[in-house]
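First to last, the sequence lines map onto chains L and R. If you use my numbering, the first sequence corresponds to residues 8 to 473, in order. If you use my numbering, the second sequence corresponds to residues 8 to 473, in order.
2 protein chains.
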Amino acid sequence: AAQEQGTDPGVSSAAIAQAVELRDQAMQGTRAYEWVESLTTEIGPRPGGSAAEASARQWAVKKLSAMGFSNVRIETFPMIGWQRGEEEAAILEPYPQPLAITALGGSVATPPEGIEAELVVFKDFAALEAAGPDQVKGRLVYVGHQMQRTQDGSSYGFWGKVRWDGASEVARKGGLGIMIRSIGTDEHRMPHTGSMEYAMDAPKIPAVALSNPDADQIERIAARGVTVRARLRSTARVVENLESGNVIAEIPGRTHPEQIVIIGGHLDSWDLGTGALDDGAGVAITMEAARMILASGWMPERTIRLILWGSEEGGVFEQADDGGLVGGRAYVYAHRDELENHVMGAESDFGARRIWQVNYNVSDAARPAMQLMETLLAPLGIAPGDNQSSSIGPDLIPLKAAGLPAFSLAQDGRDYFDYHHTADDVLSRIQPGQLDQNVAAYIVFAMIAANSSIDDWGWGAASDGN
Amino acid sequence: AAQEQGTDPGVSSAAIAQAVELRDQAMQGTRAYEWVESLTTEIGPRPGGSAAEASARQWAVKKLSAMGFSNVRIETFPMIGWQRGEEEAAILEPYPQPLAITALGGSVATPPEGIEAELVVFKDFAALEAAGPDQVKGRLVYVGHQMQRTQDGSSYGFWGKVRWDGASEVARKGGLGIMIRSIGTDEHRMPHTGSMEYAMDAPKIPAVALSNPDADQIERIAARGVTVRARLRSTARVVENLESGNVIAEIPGRTHPEQIVIIGGHLDSWDLGTGALDDGAGVAITMEAARMILASGWMPERTIRLILWGSEEGGVFEQADDGGLVGGRAYVYAHRDELENHVMGAESDFGARRIWQVNYNVSDAARPAMQLMETLLAPLGIAPGDNQSSSIGPDLIPLKAAGLPAFSLAQDGRDYFDYHHTADDVLSRIQPGQLDQNVAAYIVFAMIAANSSIDDWGWGAASDGN
Ligand SMILES: [Zn+2]
Ligand SMILES: [Zn+2]
Ligand SMILES: [Zn+2]
Ligand SMILES: [Zn+2]
Numbered sequence: 008a009a010q011e012q013g014t015d016p017g018v019s020s021a022a023i024a025q026a027v028e029l030r031d032q033a034m035q036g037t038r039a040y041e042w043v044e045s046l047t048t049e050i051g052p053r054p055g056g057s058a059a060e061a062s063a064r065q066w067a068v069k070k071l072s073a074m075g076f077s078n079v080r081i082e083t084f085p086m087i088g089w090q091r092g093e094e095e096a097a098i099l100e101p102y103p104q105p106l107a108i109t110a111l112g113g114s115v116a117t118p119p120e121g122i123e124a125e126l127v128v129f130k131d132f133a134a135l136e137a138a139g140p141d142q143v144k145g146r147l148v149y150v151g152h153q154m155q156r157t158q159d160g161s162s163y164g165f166w167g168k169v170r171w172d173g174a175s176e177v178a179r180k181g182g183l184g185i186m187i188r189s190i191g192t193d194e195h196r197m198p199h200t201g202s203m204e205y206a207m208d209a210p211k212i213p214a215v216a217l218s219n220p221d222a223d224q225i226e227r228i229a230a231r232g233v234t235v236r237a238r239l240r241s242t243a244r245v246v247e248n249l250e251s252g253n254v255i256a257e258i259p260g261r262t263h264p265e266q267i268v269i270i271g272g273h274l275d276s277w278d279l280g281t282g283a284l285d286d287g288a289g290v291a292i293t294m295e296a297a298r299m300i301l302a303s304g305w306m307p308e309r310t311i312r313l314i315l316w317g318s319e320e321g322g323v324f325e326q327a328d329d330g331g332l333v334g335g336r337a338y339v340y341a342h343r344d345e346l347e348n349h350v351m352g353a354e355s356d357f358g359a360r361r362i363w364q365v366n367y368n369v370s371d372a373a374r375p376a377m378q379l380m381e382t383l384l385a386p387l388g389i390a391p392g393d394n395q396s397s398s399i400g401p402d403l404i405p406l407k408a409a410g411l412p413a414f415s416l417a418q419d420g421r422d423y424f425d426y427h428h429t430a431d432d433v434l435s436r437i438q439p440g441q442l443d444q445n446v447a448a449y450i451v452f453a454m455i456a457a458n459s460s461i462d463d464w465g466w467g468a469a470s471d472g473n
Numbered sequence: 008a009a010q011e012q013g014t015d016p017g018v019s020s021a022a023i024a025q026a027v028e029l030r031d032q033a034m035q036g037t038r039a040y041e042w043v044e045s046l047t048t049e050i051g052p053r054p055g056g057s058a059a060e061a062s063a064r065q066w067a068v069k070k071l072s073a074m075g076f077s078n079v080r081i082e083t084f085p086m087i088g089w090q091r092g093e094e095e096a097a098i099l100e101p102y103p104q105p106l107a108i109t110a111l112g113g114s115v116a117t118p119p120e121g122i123e124a125e126l127v128v129f130k131d132f133a134a135l136e137a138a139g140p141d142q143v144k145g146r147l148v149y150v151g152h153q154m155q156r157t158q159d160g161s162s163y164g165f166w167g168k169v170r171w172d173g174a175s176e177v178a179r180k181g182g183l184g185i186m187i188r189s190i191g192t193d194e195h196r197m198p199h200t201g202s203m204e205y206a207m208d209a210p211k212i213p214a215v216a217l218s219n220p221d222a223d224q225i226e227r228i229a230a231r232g233v234t235v236r237a238r239l240r241s242t243a244r245v246v247e248n249l250e251s252g253n254v255i256a257e258i259p260g261r262t263h264p265e266q267i268v269i270i271g272g273h274l275d276s277w278d279l280g281t282g283a284l285d286d287g288a289g290v291a292i293t294m295e296a297a298r299m300i301l302a303s304g305w306m307p308e309r310t311i312r313l314i315l316w317g318s319e320e321g322g323v324f325e326q327a328d329d330g331g332l333v334g335g336r337a338y339v340y341a342h343r344d345e346l347e348n349h350v351m352g353a354e355s356d357f358g359a360r361r362i363w364q365v366n367y368n369v370s371d372a373a374r375p376a377m378q379l380m381e382t383l384l385a386p387l388g389i390a391p392g393d394n395q396s397s398s399i400g401p402d403l404i405p406l407k408a409a410g411l412p413a414f415s416l417a418q419d420g421r422d423y424f425d426y427h428h429t430a431d432d433v434l435s436r437i438q439p440g441q442l443d444q445n446v447a448a449y450i451v452f453a454m455i456a457a458n459s460s461i462d463d464w465g466w467g468a469a470s471d472g473n
């Protein structure tokens, strides 16, 4: 970064005063809970590409239009999706009993009659990798892990590997199917779904997750040194030719309408719960932040673009070279000629608890604006974090790969993976007051980023482009 | 009670010293967790009359024989049971989405194609009772309740009415099926099963429970004033000609072998979980209390009879005039000529938390023995409760109806109904250390009741006989 660091955030005192006023107003109570209550109650589960997800887009358009946003629209895109079917698993020998499982997103089905085979038990992915094909061939495979709670969710990427890559590792060694310990930190009979991927060099075999107590049960049985036989049946399938879409609403910029500051969350959810934490909360928080700015009558210098992303959780966008984040990839594809107009962006997608840290990676020129943001976020209990962060909301990853500077408002995720991608991700998980603090923080972010006269925020400067 | 109250508990100082020593030894650590781990891992769910319940009896006989108990045996009995099938429910209109349900024990199936009908919503049983047939006829019916946590579990009887009697109340008014809010105090997507009953004067209609969040969802939708249509399908069925049994093991009495002091828990469980709390814990606690007395070499004056009851949860014993408690009813039937030989009895069937209170209803003559018990229980944190209690473990209710004095060691049940009769009733729920305190308390009970020279404990004296 060869730029000189200034000291002027380039924000008028009127804009700062307005940001403070709206922030404090949000802390007195917002309508965010009302939006997530409405979305989760009236739409329920919203898998990417489903009719329910389409209903959620209609729901959003109706709400956003009624709120008075400009340019409310749906940018649709084609996608390949996935649908859960019937699913069951059991230990057959030596201790017959049913197992609580759920298929992983993208997994193929078992043969219609299911698979019955010896179940070989590996405590983690490293043990599976170390195993020879003779240990795996012709068998069902269980793989555990030791994921622990973290505040920042950073354990997910490491331990999640068994979910993303486990099936192909088993298939390469001749295994018939994989049952993983759920990528989750709870102790309930709630299996956690989530997307998985098939490598090109391996047969596609079915992949499911066991609830943590069921995984404990299998490990206890294996510890007895007995040979275990198990049964697995799933009729999950890939579904072609679906349509999804991103819902967009704007507060147009007064002086630079073409320059965009994005906030948003993703509209889709997994099928098991109603997606209250993932990501009804993010939708509600960012909708409400934008609504409060709009309702105040404040006209920002840049356009504030609220994007409620489609199909974040899984599926394939054919123009992309990787699965998932379909809405984010489709957005970059659709806006490929105007990507550099995106100044900054933030997505809320880590549940409904309070934000505790702000992280970013911007140009030196933009540092004064970020320092102003930190000053305005501190009264919300949000501390400055890492200024060389690569963290950004998932739907902004494709835009970040194109050049968008990293930015994130980190929520406290200590119990996020207790509920993540389970049937238990429902409205009961949300404490309304904690949403208000999130709304206040997104107001600060959007107001400062959209009203600062700083030009260079660091587009394209991130060293790894990802 | 015309008897004169004495002051002598009739227990030798050697017996008291032995009770204290075993009690304190238990508090240093017991093997109770090992037994419940073994039962729940190696057998899993154990529905009354099932092959798994038969395996549990074999498990118990093997363990008890190895421990060296006398007269280890199974007293089998015929029963009518029930089997869950496929089950599904959904809201069809205006907000289509799946619902997490489970059939209630004893419920009939829906027609094979399911029921699709308007869903009428009543906040509780009183509202259902107040409704006219015009509100119910031809419809599916939801009924809620307002059960709160209690330490002593006393709210279960009152709020449970909708589970036991709801279906027939709906059927009398022409309803097609009932979905109740689970009789449970948690906020998870875990529907609670449990037995229900059909009245003679009403058609039999299917009955299921919704998880509490699903019940909340239905109430939120109904609060919007919309007409709700729902779908319900279940293939549950009654199964005739099953066999269950009570497993019995004894420490024979030295001077009065024919006089019996019972301790025990029930071997069967619901099908959804592995019955760790209900009632693997009770089995383990009382097995271990008896084992420790046996292993000490102490020979009690009376016989200590450990009974691991069969089919407590549901089913029908044809010689009885009411459903459930099949093992308890079969025991009274089988032992109908020697009932008065039963001096005292206690069953552990309220989870795995510490005991906080002792309650009973004995003759004045037996009060000194109970006061001694209270003195020995106090160091365990157990306070004297109500001396006019009618409380006793469920499998002892038929014996209490015949004359057995009431006695109970009350466990802290504040979270018992979070897990009761759900898939979440598994080993993870148990904290090993809390079992040890229970073992210590059952040792005190059995040692004092089996070694006191008091003759009259109040057989047949309870005013209501129930
Ligand atoms: Zn998400
Ligand atoms: Zn997700
Ligand atoms: Zn029980
Ligand atoms: Zn029970």
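Beta carbons are placed, not taken as given, at the ideal position from N, Cα and C, and that holds for glycine. No experiment lies behind these values; they were computed from the predicted model shown.
beta-carbon residue i near ligand 4 non-hydrogen atom, thresh 6 Å
i	result
residue 422 of chain L	no
residue 285 of chain R	yes
Residue i CB to nearest heavy atom of ligand 2 below 6 Å
i	result
residue 320 of chain L	yes
For residue i, the first and last residue of its enclosing alpha helix (DSSP H)
i	result
residue 339 of chain L	333–341
residue 224 of chain L	219–230
residue 426 of chain L	423–426
residue 290 of chain R	288–303
residue 251 of chain L	Note, residue 251 of chain L: premise wrong, no alpha helix (DSSP H); beta strand (DSSP E) at 244–258.
residue 440 of chain L	439–458
Closer than 7 Å to chain R by CB, residue i
i	result
residue 426 of chain L	no
residue 471 of chain L	Its pLDDT being 48, under 50, residue 471 of chain L is placed unreliably in this model, and the value from its coordinates should be taken loosely. No, residue 471 of chain L does not count as interfacial toward chain R.
Chain L residues whose Cβ lies nearer than 7 Å to that of residue i
i	result
residue 200 of chain R	None at all; the shortest Cβ gap to chain L is about 13 Å.
residue 65 of chain R	The premise fails here: residue 65 of chain R is roughly 13 Å from chain L at the closest Cβ pair, so nothing lies under 7 Å.
residue 131 of chain R	Neighbours of residue 131 of chain R on chain L: none; closest Cβ ~20 Å, over 7 Å.
Close beta carbons around residue i, own chain, < 8 Å, minus the five adjacent residues each side
i	result
residue 122 of chain L	147, 183, 184, 213, 238, 239, 240
residue 432 of chain R	276, 277, 279, 280, 281, 282, 283, 284, 285, 426
residue 78 of chain R	255, 256, 257, 259
Neighbouring residues, chain R, relative to residue i (Cβ below 7 Å)
i	result
residue 449 of chain L	Simply none; closest approach about 26 Å.
residue 433 of chain L	196, 220
Proximity test, residue i beta-carbon vs ligand 3 heavy atom, cut-off 6 Å
i	result
residue 356 of chain R	yes
Neighbour flag for residue i against chain L, beta carbons, 7 Å
i	result
residue 226 of chain R	no
residue 152 of chain R	no
residue 51 of chain R	yes
residue 237 of chain R	no
residue 48 of chain R	yes
residue 364 of chain R	no
Sequence-distant residues of the same chain with beta carbon closer than 7 Å to residue i, five excluded per side
i	result
residue 61 of chain L	none
residue 74 of chain R	298, 301
residue 351 of chain L	268, 412, 414, 456, 464
residue 167 of chain R	190
residue 49 of chain L	66
Chain-ordered neighbours of residue i on chain L, where CB pairs are closer than 8 Å
i	result
residue 100 of chain R	What residue 100 of chain R touches in chain L: nothing, since even the nearest Cβ is about 12 Å away.
Opening and closing residue of the beta strand (DSSP E) in which residue i lies
i	result
residue 140 of chain R	Not the beta strand (DSSP E): residue 140 of chain R falls in the alpha helix (DSSP H), residues 140–143.
residue 316 of chain R	309–316
residue 129 of chain R	122–129
Under 8 Å from the C-beta of residue i: neighbouring residues of chain R
i	result
residue 192 of chain L	Under the 8 Å cutoff, chain R gives no residues; its nearest Cβ is about 13 Å from residue 192 of chain L.
Amino acids of chain R, ordered along the chain, whose beta-carbon sits closer than 9 Å to that of residue i
i	result
residue 443 of chain L	Near residue 443 of chain L there are no residues of chain R at all, since even the closest Cβ is about 21 Å away, more than 9 Å.
residue 329 of chain L	Neighbours of residue 329 of chain L on chain R: none; closest Cβ ~30 Å, over 9 Å.
Residues near residue i in its chain [Cβ-Cβ closer than 6 Å; skip 5 each side]
i	result
residue 397 of chain L	413
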